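For any residue, its number in my numbering is found by taking its place in the sequence shown, counting from 1, and adding 6.
Even for Gly, the Cβ is constructed at its ideal location relative to N, Cα and C.
None of these values were measured; they are calculated from a predicted model.
Report on the following structure.
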Amino acid sequence: MVNSRLHYDGMLAANSDGIALGSSHHSGVAMLVKTPNLADTPYSFNVEGFPVAHGGTYAVPVSRYQDRRFAHTDWRRSDVDMALKLPADIVRGHPGQVFSVTADVKLNLLYNGFFVDAHHQPISGIIDETGDTIHPNGLFSMNAHRMLKYISIHNQSARYICDMRQHHNYYYFCRPDLPTLNHQEKL
């Protein structure tokens with residue numbers, strides 16, 4: 007014998023395009039917001055003040071009896087520029103209606119800081135992936151449309167591999183690129 011109790015204070019929104027849980031709201035009108043999964047790049051933003059993230063379906067409440075051509079969005083990250091389009095086409099949403107919205111998301115990730123080696127000495131040169139120049143003090147700025155794991159840098163004396171996933175106060179650490187190791191890693 008099993009006894010259980012479940013209490014959920016929220017909304018369950020469903021239509022022919024899917025089903026999702028969301029925050030409770032007095033309007034009774036919802037949007038099912040589908041967000042794309044963008045090549046291992048996590049992102050999040052708010053739709054009508056409610057959080058959504060990459061690669062999911064979310065139930066977002068909206069006000070009833072109001073027209074809405076596009077859903078309102080915002081985000082609060084200074085290192086990501088997002089172009090968001092959420093065409094809603096809601097005309098006088100009535101309680102019980104669930105509208106489907108597919109998010110069109112384009113990311114522009116901003117990377118800036120200083121490249122340094124293991125001894126905290128600045129690395130200058132050219133970023134191979136973008137062609138951007140790194141200043142003599144290691145200062146750089148670049149953008150990408152997906153999250154970068156590693157980049158390579160070359161200058162007159164050496165080549166480096168830099169880990170873009172981790173930084174400490176905008177200092178990105180690089181290690182010398184050893185051609186024999188790279189060759190073995192590709193095998």
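Exercise for the section: Would you kindly work out how many angstroms separate the C-alpha atoms of P101 and Q72, rounded to a whole number? Expected result: Sequence index remark: in the sequence shown, residue 101 carries index 95 (1-based). Sequence index remark: in the sequence shown, residue 72 carries index 66 (1-based). Whole-angstrom Cα-Cα distance: 11 Å.
Handout entry: A20 versus V104 - alpha carbon distance
Key = Sequence index remark: in the sequence shown, residue 20 carries index 14 (1-based). Sequence index remark: in the sequence shown, residue 104 carries index 98 (1-based). Roughly 7 Å separates the two Cα atoms.
Exercise for the section: Within the same chain, show all residues whose beta-carbon is closer than 7 Å to that of T186, passing over the 5 residues directly before and after it, in chain order. Expected result: Residue 186 sits at position 180 when you count from the first residue of the sequence shown. With a pLDDT of only 45 at T186, under the threshold of 50, the placement of this residue in the model should not be trusted; the figure read from the coordinates follows. Same-chain partners within the cutoff: there are none.
Exercise for the section: Give a yes or no on whether the C-beta atoms belonging to M17 and A65 are separated by under 8 Å. Expected result: In the sequence shown, the residue the question calls residue 17 occupies position 11. In the sequence shown, the residue the question calls residue 65 occupies position 59. Yes, they are a contact pair.
Handout entry: Nonlocal neighbours in the same chain, by C-beta distance under 6 Å from H78, ignoring five residues either side
Key = Looking up residue 78 in the sequence shown gives position 72. Within the same chain, H78 has close Cβ partners E54.
Handout entry: Three-state secondary structure assigned by DSSP to G144
Key = Looking up residue 144 in the sequence shown gives position 138. Reduced to three states, the DSSP call for G144 is coil.
Problem - Identified DSSP bridge partners for N21 - result: Here residue 21 corresponds to residue number 15 of the sequence shown, with the count starting at 1. Beta-bridge pairing links N21 to G24.
Practice task
Could you check if M7 is buried or exposed, using at least 16 other CB atoms within 10 Å of its CB as the buried criterion?
Solution key: As a first step, residue 7 must be located in the sequence shown, where it is residue number 1. Its Cβ having fewer than 16 others within 10 Å, M7 is exposed.
Problem - Distance between T47 and N118 (C-alpha atoms, nearest Å) - result: Translated into positions along the sequence shown, residue 118 becomes position 112. Translated into positions along the sequence shown, residue 47 becomes position 41. Using only the alpha carbons, I get a separation of about 18 Å.
Handout entry: T108, enclosing beta strand (DSSP E) - first and last residue
Key = Your numbering for residue 108 matches position 102 in the sequence shown. 104-108 is the extent of the beta strand (DSSP E) around T108.
Handout entry: P57 vs F76 beta-carbon contact at 8 Å
Key = Within the sequence shown, the letter at position 51 stands for residue 57. Within the sequence shown, the letter at position 70 stands for residue 76. Not closer than 8 Å, so no.
Exercise for the section: Within its chain, find whatever has a CB closer than 6 Å to the CB of E191; leave out the 5 residues flanking it on each side and keep chain order. Expected result: Translated into the one-based positions of the sequence shown, residue 191 becomes position 185. Caution applies to E191, whose pLDDT of 33 falls short of 50 and renders its modelled position unreliable; the value that the coordinates give is listed next. Excluding residues within five positions, none has a Cβ falling inside 6 Å.
Handout entry: Identity of the residue in H160, L154, A164 nearest H173 by Cα
Key = Residue numbering aside, residue 173 sits at position 167 when the sequence shown is read from its first letter. It is L154.
Practice task
Quickly, what does DSSP pair N118 with across the bridge? List them, please.
Solution key: The residue you call residue 118 lines up with position 112 of the sequence shown. In DSSP, N118 forms a bridge with S147.
Exercise for the section: Using the DSSP secondary-structure output, state which residues sit across from G16 in a beta bridge. Expected result: If you number the sequence shown from 1, residue 16 lands on position 10. DSSP lists S29 as partners of G16.
Practice task
Could you confirm whether any beta carbon from chain C is found closer than 8 Å to the beta carbon of A77?
Solution key: Of the chains in the structure shown, none is chain C; there is only one protein chain.
Practice task
Identify whether L38 lies in helix, strand or coil by the three-state DSSP scheme.
Solution key: Position 32 of the sequence shown, counted from the start, is the residue given in the question as residue 38. Strand, per DSSP.
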